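K.L.:
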Amino acid sequence: LGLVGSEMCIRDRNSMFKNLYLKLSFVGLCLFALGACSDDDDEAGLVGAPECSLNSDTGEYKVKIGHEVTLQVTAENAINPVYAWKRAGKIVSEQETYQFKGDQLGEFFVNFRLDADNGSVEKQAKITVVDRLPPEITVSSSAVGYCDVALKVAAETKYTDESTTFEWSYGGRVVSHDSIYQFKEKEIDVYTLALKVTNADGVDVKNINISVIPEEEPVLFFDNGRYVEPSTIHDVRTMTCPIGRSLVLAPVRFSISDDAVYEWSVDGSVQSETSIHFKFTPSAEGQTYEIKVKAIDGGKTAEATVKVVCTPQEGTYFRAPTAKSYWISNHCFEFTPAPGQFVNFSQDKTAEDARMTIQNTLNNGGGTGWIASLGAWGGYFILGFDHSVEDDGKGEADFDIVGNPLGKYWCECGVVWVSQDENGNGIADDTWYELKGSETGKPGITQRYALKYYRPTQDKQDVLSIDNDGNLTFLRRNAYHPNSGYFPWFMKEEYYILTGTCLGDQFKTEGIETNWGFDWGYVDNINDPTGFRIENAIQQDGSPANLKYIDFVKVHTAQMGQGAAVGEISTESSAAMDLRLKP
Numbered sequence: 018l019g020l021v022g023s024e025m026c027i028r029d030r031n032s033m034f035k036n037l038y039l040k041l042s043f044v045g046l047c048l049f050a051l052g053a054c055s056d057d058d059d060e061a062g063l064v065g066a067p068e069c070s071l072n073s074d075t076g077e078y079k080v081k082i083g084h085e086v087t088l089q090v091t092a093e094n095a096i097n098p099v100y101a102w103k104r105a106g107k108i109v110s111e112q113e114t115y116q117f118k119g120d121q122l123g124e125f126f127v128n129f130r131l132d133a134d135n136g137s138v139e140k141q142a143k144i145t146v147v148d149r150l151p152p153e154i155t156v157s158s159s160a161v162g163y164c165d166v167a168l169k170v171a172a173e174t175k176y177t178d179e180s181t182t183f184e185w186s187y188g189g190r191v192v193s194h195d196s197i198y199q200f201k202e203k204e205i206d207v208y209t210l211a212l213k214v215t216n217a218d219g220v221d222v223k224n225i226n227i228s229v230i231p232e233e234e235p236v237l238f239f240d241n242g243r244y245v246e247p248s249t250i251h252d253v254r255t256m257t258c259p260i261g262r263s264l265v266l267a268p269v270r271f272s273i274s275d276d277a278v279y280e281w282s283v284d285g286s287v288q289s290e291t292s293i294h295f296k297f298t299p300s301a302e303g304q305t306y307e308i309k310v311k312a313i314d315g316g317k318t319a320e321a322t323v324k325v326v327c328t329p330q331e332g333t334y335f336r337a338p339t340a341k342s343y344w345i346s347n348h349c350f351e352f353t354p355a356p357g358q359f360v361n362f363s364q365d366k367t368a369e370d371a372r373m374t375i376q377n378t379l380n381n382g383g384g385t386g387w388i389a390s391l392g393a394w395g396g397y398f399i400l401g402f403d404h405s406v407e408d409d410g411k412g413e414a415d416f417d418i419v420g421n422p423l424g425k426y427w428c429e430c431g432v433v434w435v436s437q438d439e440n441g442n443g444i445a446d447d448t449w450y451e452l453k454g455s456e457t458g459k460p461g462i463t464q465r466y467a468l469k470y471y472r473p474t475q476d477k478q479d480v481l482s483i484d485n486d487g488n489l490t491f492l493r494r495n496a497y498h499p500n501s502g503y504f505p506w507f508m509k510e511e512y513y514i515l516t517g518t519c520l521g522d523q524f525k526t527e528g529i530e531t532n533w534g535f536d537w538g539y540v541d542n543i544n545d546p547t548g549f550r551i552e553n554a555i556q557q558d559g560s561p562a563n564l565k566y567i568d569f570v571k572v573h574t575a576q577m578g579q580g581a582a583v584g585e586i587s588t589e590s591s592a593a594m595d596l597r598l599k600p
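Counting in this note's numbering, the sequence shown runs from 18 upward without gaps.
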């Protein structure tokens with residue numbers, strides 16, 4: 018009995034351990050599953066919602082009866098995606114593509130849905146089946162070529178087949194039957210080139226206006242916060258630095274690559290620095306230092322000179338607010354817009370007329386709402402307070418500047434720059450420091466960016482611009498404001514250059530045109546937290562400027578982009594407002 022009882026105890030105990038093991042295993046599997054779910058949730062939270070786009074920007078397709086057209090989707094940020102194309106409520110494909118066959122004439126709709134662990138997204142495609150399908154040419158109406166340099170001109174064409182022919186016309190005669198044409202002219206001018214494409218179903222014709230300009234030469238210059246014209250591009254500019262502080266210098270470059278090596282000298286003494294940034298610490302108050310830099314970029318070179326004046330220590334010219342101090346920056350030193358649909362400065366206007374459009378608003382008690390549309394990228398104004406605005410040292414906002422964003426989905430972000438009256442002359446001619454924002458230092462953000470706007474030969478031409486990396490663009494006239502004076506005609510020379518920081522492209526034209534804002538630190542943007550902090554002032558290399566106060570503020574449009582309905586991105590800005598004096 019004892020043995021039997023022992024066997025029964027052992028068997029019961031084994032059974033108990035087995036059940037316990039199974040239970041623990043089940044709990045472990047559950048915990049593992051929960052952990053896996055948690056990991057997936059964390060991954061989904063980090064990635065964000067999925068996005069997708071069709072291989073037609075408009076979501077519309079055409080196909081000739083009896084033929085097929087490929088509908089394709091490109092997905093982004095989708096974790097474990099599942100695809101479904103539906104036509105008339107039935108799934109017709111579970112792949113990334115769907116071959117639609119035009120069996121009968123008319124308009125048809127196909128719905129696409131993507132389901133992923135991190136969300137879902139839907140798109141609708143419209144397909145028009147036609148009995149004839151003439152070619153369609155997609156080509157920019159404007160292009161840029163250099164004097165006596167061949168320019169390859171090609172157009173994207175749809176609905177072509179083996180019967181398609183190409184015909185390029187220039188100067189009243191046919192010059193080529195190839196799909197690509199090599200255009201070349203010696204003289205500066207605007208030339209018109211025509212392309213005619215024919216297939217069995219019809220013809221399409223497009224004209225291209227080609228602006229021929231001199232080829233870009235390598236150039237360096239120092240930026241003192243103002244625009245530059247051809248006659249001033251090689252001027253020696255002056256910057257300031259109080260005794261006891263350091264100044265990081267960095268020239269603006271044109272047609273010079275990122276691989277360039279730099280040679281710096283101070284009053285003729287060669288320095289060890291070889292990068293584009295040079296940290297300089299003046300040692301004698303009142304002394305003016307001549308600093309030169311030379312860029313060596315393969316076989317190309319360029320040079321620039323700047324003078325740095327060592328001013329008295331910071332705080333010497335500090336202006337404490339009084340009972341009569343005004344909380345809104347009340348003097349406009351300059352307003353230089355970039356071209357844009359709301360610029361409207363005609364041939365008879367002057368730079369002073371532009372400045373006074375803002376000054377009159379300030380004189381009449383305005384400034385808390387937006388006082389100017391700055392035009393496309395780089396357009397700016399410079400304002401001054403009647404007192405110095407201090408950094409409170411507590412991490413709170415010191416001043417504010419507002420715009421007119423429409424929620425997060427439509428912002429036209431501008432970058433803020435600040436300056437001290439370091440030389441005590443009451444003029445905004447001292448060194449400028451950028452206020453960093455949420456995007457500073459991120460990929461796709463370009464400091465020391467510059468854009469050269471060419472003066473049109475006629476009032477209603479698109480405005481050509483070239484950036485300091487050689488990228489060419491045209492500012493198109495908006496169909497809703499076709500008669501606006503896009504160019505500030507008081508700029509009389511061949512071109513003018515605007516400088517600053519270029520933020521990442523947030524502009525989207527699929528469906529409703531949107532330009533999403535950033536987290537914080539910009540004008541005409543939804544900022545959280547609101548306001549601007551002097552402690553965020555940075556040197557040209559991104560290091561802290563450590564300013565204790567400011568006297569002047571500059572705002573410039575900092576994004577590129579333009580749409581068919583909204584036109585160009587253009588910062589709308591109020592004046593700067595001292596939050597500690599705000600009533």
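Just so you know, even glycine gets a beta-carbon here, dropped at the ideal spot from N, CA and C. These numbers come from a predicted model, not from an experiment.
Hey, how far is the Cα of Val127 from the Cα of Thr155?
P.N.:
Along the sequence shown, one-based indexing puts residue 127 at 110. Along the sequence shown, one-based indexing puts residue 155 at 138. Approximately 25 Å between the Cα atoms of the pair.
K.L.:
What residues in its chain sit with their C-beta under 6 Å from that of Ser272, if we drop five residues either side in the sequence?
P.N.:
To locate residue 272, count along the sequence shown from 1; it is residue 255. Around Ser272: Glu233, Pro235.
K.L.:
At what residues does the beta strand (DSSP E) containing Thr353 begin and finish?
P.N.:
Numbered from 1 along the sequence shown, position 336 holds the residue referred to as residue 353. It spans 348-353 - the beta strand (DSSP E) in which Thr353 sits, taken as one unbroken run.
K.L.:
Residues in the same chain with beta-carbon distance under 7 Å from Leu150, minus the five sequence neighbours each way, listed in chain order, please.
P.N.:
Translated into the one-based positions of the sequence shown, residue 150 becomes position 133. Here the set comprises Lys79, Lys81, Tyr176, Asp218.
K.L.:
Determine, using beta-carbon pairs with one atom in the stretch 335-354 and one in the stretch 399-409, whether at least three such pairs fall under 8 Å.
P.N.:
Enough Cβ pairs lie closer than 8 Å, so yes.
K.L.:
Using a Cβ-Cβ distance cut-off of 8 Å, determine whether Ile514 contacts chain D.
P.N.:
Checking the listed chains, one finds no chain D in this structure; it contains a single protein chain.
K.L.:
State the DSSP-derived secondary structure class of Glu369, mapped to helix, strand or coil.
P.N.:
Within the sequence shown, residue 369 is the residue found at index 352, counting from 1. In the structure shown, Glu369 sits in a helix (DSSP, three-state: H, G or I).
K.L.:
On a CA-only basis, which of Asp522, Tyr470, Asp595 is nearest Ile230? Give me that one, please.
P.N.:
To locate residue 230, count along the sequence shown from 1; it is residue 213. Of Asp522, Tyr470, Asp595, the residue nearest in Cα terms is Tyr470.
K.L.:
Have a look at Tyr115, Gly357, Phe362 and flag the residue whose alpha-carbon is nearest the alpha-carbon of Ala371.
P.N.:
Taking the sequence shown and counting its residues from 1, the one referred to as residue 371 is at position 354. Nearest of Tyr115, Gly357, Phe362 to Ala371, Cα basis: Phe362.
K.L.:
Could you spell out the range, first to last residue, of the beta strand (DSSP E) harbouring Asn135?
P.N.:
On the sequence shown, position 118 is the one that residue 135 refers to. Where Asn135 is concerned, there is no enclosing beta strand (DSSP E), given that its DSSP letter is neither H nor E.
K.L.:
For the stretch 256-266 against the stretch 321-328, are there 3 or more C-beta pairs whose distance is under 8 Å?
P.N.:
Judged by Cβ distances under 8 Å, the stretch 256-266 makes contact with the stretch 321-328, as three or more pairs qualify.
K.L.:
Does the stretch 454-465 come close enough to the stretch 534-546 to have 3 or more Cβ pairs within less than 8 Å?
P.N.:
As far as the Cβ criterion goes, the stretch 454-465 touches the stretch 534-546, which means the pair count is three or higher.
K.L.:
Out of Gly424, Lys324, Gly521, which has the shortest C-alpha to C-alpha gap to Pro460?
P.N.:
Numbered from 1 along the sequence shown, position 443 holds the residue referred to as residue 460. Of the listed residues, the one whose Cα sits closest to Pro460 is Gly521.
K.L.:
Can you grab the Cα-Cα spacing for the pair Ala101 / Leu88, in whole Å?
P.N.:
Counting from one through the sequence shown, the residue named residue 101 turns up at place 84. Counting from one through the sequence shown, the residue named residue 88 turns up at place 71. Looking at the two C-alpha atoms, the distance is approximately 12 Å.
K.L.:
Just reading off the beta strand (DSSP E) that Trp533 is part of, what are its end residues?
P.N.:
Position 516 of the sequence shown holds residue 533. Run containing Trp533: none; DSSP gives neither H nor E here.
K.L.:
Determine, using beta carbons only, whether Pro152 and Thr181 come nearer to each other than 8 Å.
P.N.:
Counted from its first residue, the sequence shown places residue 152 at position 135. Counted from its first residue, the sequence shown places residue 181 at position 164. Taking 8 Å as the Cβ cut-off, Pro152 and Thr181 qualify as a contacting pair.
K.L.:
State the DSSP-derived secondary structure class of Val192, mapped to helix, strand or coil.
P.N.:
Looking up residue 192 in the sequence shown gives position 175. It is a strand residue.
K.L.:
Lys143: which of Glu413, Gln579, Asp74 sits nearest, CA to CA?
P.N.:
In the sequence shown, counting from the first residue as 1, residue 143 sits at position 126. If we check each option's Cα against that of Lys143, Asp74 comes out closest.
K.L.:
Please give the ranges of any beta strand (DSSP E) in the stretch 301-341, keeping only runs that are unbroken, at least 3 residues long and fully inside the region.
P.N.:
The qualifying runs are 305-314, 317-328.
K.L.:
Between which two residues does the beta strand (DSSP E) harbouring Arg205 extend?
P.N.:
Working through the sequence shown from its first residue, we reach residue 205 at position 188. Just to set this straight, residue 205 is Ile in the shown sequence, not Arg. Taken as a continuous stretch (DSSP letters only), Ile205 belongs to no beta strand (DSSP E), as it is neither H nor E.
K.L.:
Applying the criterion that 16 or more other CB atoms from any shown protein chain within 10 Å of the CB defines a buried residue, is Leu122 buried or exposed?
P.N.:
Along the sequence shown, one-based indexing puts residue 122 at 105. Looking at its Cβ environment, which holds fewer than 16 other Cβ atoms inside 10 Å, Leu122 is exposed.
K.L.:
Quickly, what does DSSP pair Pro561 with across the bridge? List them, please.
P.N.:
Reading the sequence shown from its first residue, position 544 is the one you call residue 561. Pro561 pairs with Ile555.
K.L.:
Judging by CA-CA distance, which residue of Val207, Ala211, Val191 is the nearest neighbour of Ala172?
P.N.:
Sequence index remark: in the sequence shown, residue 172 carries index 155 (1-based). Checking every option, the nearest Cα to that of Ala172 belongs to Ala211.
K.L.:
Among the residues of its own chain, which have a CB less than 6 Å from the CB of Glu552, if the five just before and after it don't count?
P.N.:
If you number the sequence shown from 1, residue 552 lands on position 535. These residues qualify, in order along the chain: Asp408.
K.L.:
Pair every Cβ in the stretch 425-440 with every Cβ in the stretch 561-574, then say whether three or more of these pairs are closer than 8 Å.
P.N.:
The answer is yes - the stretch 561-574 touches the stretch 425-440, with three or more Cβ pairs under 8 Å.
K.L.:
Closest to Asp466 by CA distance: which of Lys118, Asp476, Ser70, Thr518 is it?
P.N.:
For the purposes of this step, residue 466 is taken as residue 449 along the sequence shown, with counting starting at 1. With the sequence shown as reference, residue 466 is identified as Tyr, and Asp is not the correct amino acid for it. Closest by alpha carbon: Thr518.
K.L.:
Could you check the C-alpha separation between Asn485 and Trp185 for me, to the nearest Å?
P.N.:
As a working note, residue 485 is residue 468 in the sequence shown. As a working note, residue 185 is residue 168 in the sequence shown. Their Cα atoms are separated by approximately 32 Å.
K.L.:
By the three-class DSSP mapping on this structure, what secondary structure does Ser282 have?
P.N.:
If you number the sequence shown from 1, residue 282 lands on position 265. Strand, per DSSP.
K.L.:
So what does DSSP say about Gln89, is it helix, strand or coil?
P.N.:
Locating residue 89 in the sequence shown gives position 72, where the first residue counts as 1. Here Gln89 sits in strand by DSSP.
K.L.:
Measure the CB-CB distance between Pro354 and Gly396 and report whether it falls below 8 Å.
P.N.:
For the purposes of this step, residue 354 is identified with residue 337 of the sequence shown, where counting begins at 1. For the purposes of this step, residue 396 is identified with residue 379 of the sequence shown, where counting begins at 1. Result yes, Cβ atoms of Pro354 and Gly396 sit closer than 8 Å.
K.L.:
Let's see if you can read the secondary structure: which residues bound the beta strand (DSSP E) around Arg270?
P.N.:
By one-based count along the sequence shown, residue 270 stands at place 253. Unbroken beta strand (DSSP E) run through Arg270: 269-271.
K.L.:
Exposed or buried, what is Glu93 when buried is set at 16 or more other beta-carbons lying within 10 Å of its beta-carbon?
P.N.:
The residue given as residue 93 occupies position 76 in the sequence shown. Classification of Glu93: exposed, given that the 10 Å Cβ count is below 16.
K.L.:
Can you tell me where the beta strand (DSSP E) holding Pro259 begins and where it ends?
P.N.:
Working through the sequence shown from its first residue, we reach residue 259 at position 242. That run of the beta strand (DSSP E) goes 254-259.
K.L.:
To the nearest angstrom, how far is it from the Cα of Ala389 to the Cα of Gln364?
P.N.:
Taking the sequence shown and counting its residues from 1, the one referred to as residue 389 is at position 372. Taking the sequence shown and counting its residues from 1, the one referred to as residue 364 is at position 347. Rounded to whole angstroms, Ala389 to Gln364 spans 19 Å at the Cα level.
K.L.:
By Cβ distance below 8 Å, which residues in the same chain neighbour Ile197 in space, the five residues on each side in sequence not counted?
P.N.:
In the sequence shown, residue 197 corresponds to position 180, counting from 1. Same-chain partners within the cutoff: Lys169, Val170, Ala171.
K.L.:
Among the residues of its own chain, which have a CB less than 7 Å from the CB of Asp595, if the five just before and after it don't count?
P.N.:
Within the sequence shown, numbered from 1, the residue matching residue 595 stands at position 578. Excluding positions up to five away in sequence, the list reads Trp344, Phe402, Val406, Phe416.
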